[in-house]
Structure formats: C-alpha cells, structure tokens
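K.L.:
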Amino acid sequence: PFIAPLSKSQTKVELLKHLNLPLDTYASMVNETDRVHNRLISEKSYLKENGKRKPPYDWNDFKEQPKDDAVERIARGGDQLTSPFWTLASKQESFPNWIAQWFLYQWFLYHKFRFQ
Numbered sequence: 017p018f019i020a021p022l023s024k025s026q027t028k029v030e031l032l033k034h035l036n037l038p039l040d041t042y043a044s045m046v047n048e049t050d051r052v053h054n055r056l057i058s059e060k061s062y063l064k065e066n067g068k069r070k071p072p073y074d075w076n077d078f079k080e081q082p083k084d085d086a087v088e089r090i091a092r093g094g095d096q097l098t099s100p101f102w103t104l105a106s107k108q109e110s111f112p113n114w115i116a117q118w119f120l121y122q123w124f125l126y127h128k129f130r131f132q
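Numbering (my numbering), first residue to last: 17 to 132.
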C-alpha cells in the first residue's frame, strides 16, 4: 500500500503520525539519510554554479539530478527495519521517493540551522 505524500516542509511529528512510524525506525532512517547526505555534500561537482562553495550547504545549492539520485539511494538502501517505510512512497517516474526526499530535505534544514 502507498501513502499519500506530505510536503518536504511538514514537521517530524506530522511525518511520524502520517506513516505511523516508530521513533527507533525514524532514528534508523535518519542514520541512513546521514550516510547519503555526507556522500552528496562531499562531491563538489554536484553544486550549482551559483551555489555556496563552503558548508553548511542549503538544499538549493545542489543540482536537481544529484539530489534525485541521493533520494533514490536512500530509498533503496534501507535495511529490514526501514525498507517497509521507504517503500510506502509510490514509485513514479518523474517524482523521487517523497519519504526519502523529506528526510534528505530535513537533514539539510537541520544542518543549516545547527551551524548558524
């Protein structure tokens, strides 16, 4: 079964409720996102020409394709605990996995505000 998407700006509480997501599973999904996030920000060629050249990076500093690829890696890289939740987002050709996108987007926001 697929679950209707939430916007990237929805809160953690809203996501947990929407997915009926346990906190321990949420924490594992954050860890999976962190690994992909670190890989994404380590590759300078993924940055837009007009984006920041130094961390902390913003979601909008990156080209769309590398972000979409990162979202796909997150969605496919789950373990037995997290995979059932990643797969709740319907697979559509022109749209990335909305759950993985939510996690990656929120990770950028977390880092942005953490280092300000």
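Just so you know, even glycine gets a beta-carbon here, dropped at the ideal spot from N, CA and C.
Can you tell me which of the three DSSP states Leu63 falls into?
P.N.:
To locate residue 63, count along the sequence shown from 1; it is residue 47. Strand.
K.L.:
Excluding the five sequence neighbours on either side, which residues of its own chain have a C-beta within less than 8 Å of the C-beta of Ser44, listed in chain order?
P.N.:
As a working note, residue 44 is residue 28 in the sequence shown. These residues qualify, in order along the chain: Asp95, Leu97, Thr98.
K.L.:
Using only alpha-carbon positions, find the residue among Phe111, Ala86, Ile115 that is nearest to Arg51.
P.N.:
Here residue 51 corresponds to residue number 35 of the sequence shown, with the count starting at 1. Measuring from the Cα of Arg51, the nearest candidate turns out to be Ala86.
K.L.:
Taking Phe78 and Gly93 to be in contact with their CB atoms under 8 Å, please state how far apart those CB atoms are, rounded to whole angstroms.
P.N.:
Numbered from its first residue, the sequence shown carries residue 78 at position 62. Numbered from its first residue, the sequence shown carries residue 93 at position 77. The Cβ separation is near 19 Å, so there is no contact.
K.L.:
Could you tell me the distance, in whole angstroms, from the CA atom of Gln132 to the CA atom of Pro71?
P.N.:
Looking up residue 132 in the sequence shown gives position 116. Looking up residue 71 in the sequence shown gives position 55. Annotation note: pLDDT 39 at Gln132 (below 50); position unreliable, coordinate value reported separately. Gln132 and Pro71: Cα-Cα distance of roughly 11 Å.
K.L.:
Pull up the distance between the alpha-carbon of Arg55 and that of Glu48, whole angstroms please.
P.N.:
Along the sequence shown, read from residue 1 onward, the residue named residue 55 stands at position 39. Along the sequence shown, read from residue 1 onward, the residue named residue 48 stands at position 32. Cα-Cα distance, rounded: 11 Å.
K.L.:
If you compare alpha carbons, which of Pro21, Phe18, Ser25, Ala20 is closest to Tyr121?
P.N.:
Working through the sequence shown from its first residue, we reach residue 121 at position 105. Selection Pro21, Phe18, Ser25, Ala20 evaluated against Tyr121 yields Ser25 as nearest (Cα-Cα).
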